[in-house]
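Trainee: Just passing along the structure, written as structure tokens.
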Amino acid sequence: MTAVSQTVDFSVEDGVGVITIDSPPVNALSSHVRDGLFEGMKAAIADDAVKSVVIICAGRTFIAGADISEFGGAQKGASLFDAQEAIENSTKPVVAAIHGTALGGGLEVALTAHFRVAIASARFGLPEVNLGLLPGAGGTQRLPRVVGAEQALHMMTSGAQIGTKEALASGLIEEVVDDLRAGAIAFAQKVVAEGRALTRIRDNDEKLKSARENASLFSDFRAKNARKFRGFDAPEANIKCIEAAVNLPFDEGIKVEREEFGKLMTGVQSAAQRYFFFAERQAQKIPDVPKDTPKRDIKSVGIIGGGTMGGGIAMNFANVGIPVTLVEVKADALERGLGIIRKNYENTAKKGRITEAQVEERMALISGTLEFSDLADKDLVIEAVFESMDLKKDIFKRLDDTLKPGAILASNTSALDLNEIASVTSRPEDVIGLHFFSPANVMRLLEVVRGDKTGKDVIATSMALGKKIGKAPVLSGVCPGFIGNRILFQRQAQAQKMIMQGPLPQDVDGALTNFGFPMGPFQMSDLAGLDIGWNKEKSNGETLRDVLCERDRRGQKTGKGYYDYDENRKPIPSDEVAEVIRDFAAKSNLPQVTLTEEEILKRLLYPMVNEAAKILQEGIAIRPSDVDVVWVYGYGWPRYWGGPCFWADVIGVDKIVAELEVLAKEEGAVWEPADLLKDLAAKGQGFKDFAAG
Ligand code: 3HC
Ligand code: NAI
């Protein structure tokens, strides 16, 4: 065995040159891996004893793509194209031996090999779109030639992976082998023995014929996915490249790919999306809770309250095979809760995402009870009853009396003081906040709220469990609203204030949706219902909400709220609402202003950035990127803007501070910039330079 680079070895076995990449954690195409591939191919060609070549990886996966952390830096060593050319133009057959996930540049390397074999569990994908990119190493031209344009469109604009069954059917792989190394070597020998032709994917465009004959393929695809792709640059660039694959010769298509890749790579969207990839992973790292912190075993879960949140939370656990016991106070509430869970699963089955058998399997894991004592032996209990401190304290006292030692006691409270809740128990170290977002079975975010006394093992267990159930867990300290809602309160306050100053709900919502949010605060309010927490008997027209609810404008459910709605639930700006707002505005002492969309946006987003800074200076969030993960996954901040802290750095923290100071002079202390923000601005820095003190 010879080392051909820092992470790549070359050996010869029975006439087969084996290039082995061993670059943990995921064998990404760092400079030394590219060098190794290039040098390994040179060694294989130079050695007369070598009749064929196998490229294989050690560790958990085949090459998972380009090394994202190298992007933006100066290129060192062999380029990926050098390595690919050496493989594709080799006079000796090259076999890629795949396990784990062949992703991005990894799959693109495999597509330059003459043959591919894989073990049954292998998966294949071009996920660059999720990083705001497109496959930039020939993948846009080669994948459609293997799987056809339709399938390539689906895979490349969604990042979806396929398994070996589909890969085998399309010809992406030639064989499934049991033992990867031995199977790949045997396959390479067989290819030589049979004298098989060295097929290059680039030379065969048979599979593109049907796309050439389907004039509306691309326009239909664009129209069908317009909503999904809204705001993102990368999906369209991927589509353009597949169109080029269909309509142009290979080398011309590659030119289009290079040009489009270059544009994306230097743009802010991809910078934001690449930042977000690492942000999500960074959030798992908690400085004082090391990776090897012991975790508790969670084999059974109890949930108290089978309402909107409790039901959704239960589904998360059943989905990964963990049995759940749901406790309610009344039989009808329990029945309703279980009924909604079943309906949700059945709807998923109707869409073909799970089978009917899976519906039954998952329902069988969820049992309902009215007996609190049924929670006694559970490893984790999550409370999801009404947002009332008294009620929650009562429940936690009972949990303390009922649960076995070592159980974790969690609350799903959205804003209450977790320390106060924990204080009624004799075991505050076992108490933690697990703040799910609605709908809890869908939303990725999980705020893990650490009380003053929460044990490190409880934090480590909760973070790992969050990941296991498919969430993006982010650690927060205790404060009203934690990270996400505390920032939301600021935006809400400004939105409510602003409509008293001239702009209308549609102006405020429009500024946010044009920025990339799925909806604005007034659309959201109409969806949730304006009457949540509204009391008809006590309503006396004192607030805008009172008046709207009194006029039965209680949101989408009454056909009107801040907006009127047509039969397709399309919001239409309402003259009636505008008039009611004008009346209130006249009575308020607020200055009336005419604002452009940009100014509206500033008044909504700058207070959020400011609050994020306060949250960081208080140590509630560990790092700016954690705030960003919360806002992207919990509230629909557009991923291509990275999150409020990333965005603030793009705008410039100094510029934001200057504008906040102007607004503070005009409209008062609420606009006063946070100390951290002022400090960063004074040093000419941004959130990226923040180091927790
Ligand atoms: N570059 C650099 N680091 C990477 C990486 C990559 N492509 N992929 C993963 N890593 C790092 C992660 O940051 C993480 O580091 P950490 O332990 O310090 O936090 C570590 O590898 C393990 O990653 P995960 O925690 O995500 O491990 P999983 O086992 O859950 O998932 C995976 C493995 C499926 C490979 C997942 O990491 C993944 O999806 N990676 C990204 C794949 C990708 O996007 N590839 C395309 C890259 S762009 C490209 O190839 C351009 C080309 O067309 C030119
Ligand atoms: P909900 O009103 O839909 O459900 C609460 C359920 O708790 C009801 O079914 C009720 O019967 C049950 N319940 C009340 N007292 C009980 C008791 N003593 N024992 C057992 N069950 C009892 O409320 P929702 O929306 O599910 O909220 C629950 C918690 O989740 C609250 O703390 C809320 O702040 C929080 N939350 C809510 C979100 C949302 O969007 N609805 C988002 C995130 C958190």
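The opening position of the sequence shown corresponds to residue 807 in my numbering, with each subsequent residue numbered one higher. The beta carbon of each residue, even a glycine, is placed where N, CA and C say it ideally should be.
Between the Cα of ASP985 and the Cα atoms of GLY945, ALA903 and GLU914, which residue gives the shortest distance?
Mentor: Translated into positions along the sequence shown, residue 985 becomes position 179. Of the candidates GLY945, ALA903 and GLU914, the one whose C-alpha sits nearest the C-alpha of ASP985 is ALA903.
Trainee: If you compare alpha carbons, which of VAL832, ARG1006, ILE1462 and VAL1107 is closest to ILE893?
Mentor: For this step, residue 893 is matched to residue 87 along the sequence shown. Closest option to ILE893, Cα to Cα, is ARG1006.
Trainee: Using alpha carbons as the reference points, say which of CYS1285, LEU1281 and LEU917 lies closest to ILE979.
Mentor: Against the sequence shown, residue 979 aligns to sequence position 173. The shortest C-alpha separation from ILE979 is found at LEU917.
Trainee: Is it buried or exposed for GLN1296, if we count other Cβ within 10 angstroms and need 16 for buried?
Mentor: Within the sequence shown, residue 1296 is the residue found at index 490, counting from 1. So GLN1296 counts as buried.
Trainee: Counting along the chain, where does the beta strand (DSSP E) carrying PHE921 start and finish?
Mentor: One-based indexing of the sequence shown puts residue 921 at position 115. Residues 921-924.
Trainee: Would GLY938 be called buried (16 or more neighbouring beta carbons within 10 Å of its own) or exposed?
Mentor: Working through the sequence shown from its first residue, we reach residue 938 at position 132. GLY938 comes out buried.
Trainee: Expressed to the nearest angstrom, what Euclidean distance is found between the alpha-carbon atoms of CYS1285 and TRP1437?
Mentor: The residue given as residue 1285 occupies position 479 in the sequence shown. The residue given as residue 1437 occupies position 631 in the sequence shown. Cα to Cα, CYS1285 sits roughly 17 Å from TRP1437.
Trainee: Does DSSP classify HIS905 as helix, strand or coil?
Mentor: In the sequence shown, the residue the question calls residue 905 occupies position 99. Reduced to three states, the DSSP call for HIS905 is coil.
Trainee: Going straight from the alpha carbon of ILE968 to that of GLY910, what length do you get?
Mentor: Position 162 of the sequence shown, counted from the first residue, corresponds to residue 968. Position 104 of the sequence shown, counted from the first residue, corresponds to residue 910. A direct Cα-Cα distance of roughly 13 Å separates ILE968 from GLY910.
Trainee: List the residues that DSSP assigns as beta-bridge partners of PHE1024.
Mentor: Within the sequence shown, residue 1024 is the residue found at index 218, counting from 1. DSSP output for PHE1024 lists no bridge partner at all.
Trainee: Determine, using beta carbons only, whether ASP1263 and ARG1148 come nearer to each other than 8 Å.
Mentor: The residue you call residue 1263 lines up with position 457 of the sequence shown. The residue you call residue 1148 lines up with position 342 of the sequence shown. Cβ atoms of ASP1263 and ARG1148: not closer than 8 Å.
Trainee: Return yes when at least one heavy atom of the ligand 3HC lies under 7 Å from the C-beta of LEU939, else no.
Mentor: Counting from 1 along the sequence shown, the entry for residue 939 is found at position 133. Yes, Cβ of LEU939 sits closer than 7 Å to a heavy atom of the ligand 3HC.
Trainee: Would the C-beta of GLY871 count as close to the ligand 3HC, meaning under 7 Å from any of its heavy atoms?
Mentor: Your numbering for residue 871 matches position 65 in the sequence shown. In this structure, the C-beta of GLY871 approaches the ligand 3HC to less than 7 Å from one of its heavy atoms.
Trainee: Can you tell me whether ARG840 is helix, strand or coil according to DSSP?
Mentor: As a first step, residue 840 is located in the sequence shown; it is residue number 34 there, counting from the start. Of the three classes helix, strand and coil, the one that applies to ARG840 here is helix, per DSSP.
Trainee: Whole angstroms are fine: how far does the CA of LEU1294 sit from the CA of ALA1213?
Mentor: Numbered from its first residue, the sequence shown carries residue 1213 at position 407. Numbered from its first residue, the sequence shown carries residue 1294 at position 488. About 32 Å.
Trainee: Quick one: what's ALA1089 bridged to in DSSP?
Mentor: Here residue 1089 is taken as the residue at index 283 of the sequence shown, counted from 1. BP columns for ALA1089 are empty, so no partner.
Trainee: My output table needs one value for ASP1352: the three-state DSSP class, helix, strand or coil.
Mentor: Along the sequence shown, one-based indexing puts residue 1352 at 546. If DSSP states are grouped into helix, strand and coil, ASP1352 belongs with the helices.
Trainee: How should LYS1277 be labelled, buried or exposed, when 16 other C-beta atoms within 10 angstroms of its C-beta is the threshold for buried?
Mentor: Position 471 of the sequence shown, counted from the start, is the residue given in the question as residue 1277. LYS1277 comes out buried.
Trainee: Verify whether the separation of the beta carbon atoms of ILE862 and THR813 is less than 8 Å.
Mentor: In the sequence shown, the residue the question calls residue 862 occupies position 56. In the sequence shown, the residue the question calls residue 813 occupies position 7. It is not a contact, given that the beta carbons lie outside the stated cut-off.
Trainee: In this structure, does DSSP put TRP850 in helix, strand or coil?
Mentor: If you number the sequence shown from 1, residue 850 lands on position 44. Reading off the sequence, residue 850 comes out as Ala, not Trp. Helix.
Trainee: What residue range is occupied by the uninterrupted beta strand (DSSP E) comprising GLU1189?
Mentor: To locate residue 1189, count along the sequence shown from 1; it is residue 383. Note, GLU1189: beta strand (DSSP E), 1186-1189.
Trainee: Would you say THR867 touches the ligand 3HC, meaning its beta carbon is less than 7 Å from a heavy atom?
Mentor: Your numbering for residue 867 matches position 61 in the sequence shown. Yes.
Trainee: Alpha helix (DSSP H) containing ALA1124: first to last residue?
Mentor: Residue numbering aside, residue 1124 sits at position 318 when the sequence shown is read from its first letter. Under the DSSP assignment, ALA1124 falls in the alpha helix (DSSP H) whose first and last residues are 1114-1125.
Trainee: Closest by CA to THR1219, which one among LEU1144, ASP1258, GLY1111 and THR1231?
Mentor: Within the sequence shown, residue 1219 is the residue found at index 413, counting from 1. When each option's Cα is compared against that of THR1219, the closest is GLY1111.
Trainee: Check whether the Cβ atoms of LYS853 and VAL818 lie closer than 8 Å to each other.
Mentor: If you number the sequence shown from 1, residue 853 lands on position 47. If you number the sequence shown from 1, residue 818 lands on position 12. One point to set straight first is that residue 853 is Asp, not Lys, in the sequence displayed. The answer is yes: Cβ separation under 8 Å.
Trainee: By a C-beta neighbour count over all protein chains shown, 10 Å radius and 16 as the cutoff for buried, is THR1402 buried or exposed?
Mentor: Walking along the sequence shown from the start, residue 1402 turns up at place 596. When all chains shown are included, THR1402 counts as exposed.
Trainee: Just to confirm, does ARG1148 get its C-beta within under 7 Å of one of the non-hydrogen atoms of the ligand 3HC?
Mentor: Position 342 of the sequence shown holds residue 1148. Answer for ARG1148: no, Cβ out of range of the ligand 3HC.
Trainee: Which residue from VAL860, SER885, ASN1044 and GLY879 puts its Cα closest to that of LEU835?
Mentor: Locating residue 835 in the sequence shown gives position 29, where the first residue counts as 1. Closest by alpha carbon: SER885.
Trainee: Can you tell me the Cα-Cα spacing of ARG1445 and ALA1078, whole angstroms?
Mentor: Counting from one through the sequence shown, the residue named residue 1445 turns up at place 639. Counting from one through the sequence shown, the residue named residue 1078 turns up at place 272. Rounded to the nearest angstrom, the two C-alpha atoms are 7 Å apart.
Trainee: Measuring CB to CB, does GLN1329 end up less than 8 Å from PRO1377?
Mentor: Within the sequence shown, the letter at position 523 stands for residue 1329. Within the sequence shown, the letter at position 571 stands for residue 1377. Yes. Within cutoff.
Trainee: Would you mind reading off the limits of the beta strand (DSSP E) that contains PRO1100?
Mentor: To locate residue 1100, count along the sequence shown from 1; it is residue 294. First-last for PRO1100: undefined, no H or E at that position.
Trainee: Just to confirm, are VAL810 and ALA849 a CB contact at a threshold of 8 Å?
Mentor: In the sequence shown, counting from the first residue as 1, residue 810 sits at position 4. In the sequence shown, counting from the first residue as 1, residue 849 sits at position 43. Going by C-beta atoms, VAL810 is nearer than 8 Å to ALA849.
Trainee: Quick one, which of ALA943, GLY942 and ALA973 has its alpha-carbon nearest GLN957's?
Mentor: Numbered from 1 along the sequence shown, position 151 holds the residue referred to as residue 957. Measuring from the Cα of GLN957, the nearest candidate turns out to be ALA973.
Trainee: Roughly how many whole angstroms lie between the Cα atoms of SER1345 and ASN1320?
Mentor: Here residue 1345 refers to the residue found at position 539 of the sequence shown. Here residue 1320 refers to the residue found at position 514 of the sequence shown. One C-alpha to the other measures close to 35 Å.
Trainee: If ALA1246 sits next to GLY1118, beta carbons under 8 Å apart, how far is it from one beta carbon to the other, in whole angstroms?
Mentor: Position 440 of the sequence shown, counted from the first residue, corresponds to residue 1246. Position 312 of the sequence shown, counted from the first residue, corresponds to residue 1118. At roughly 3 Å, the Cβ-Cβ gap stays under 8 Å, so ALA1246 and GLY1118 are in contact.
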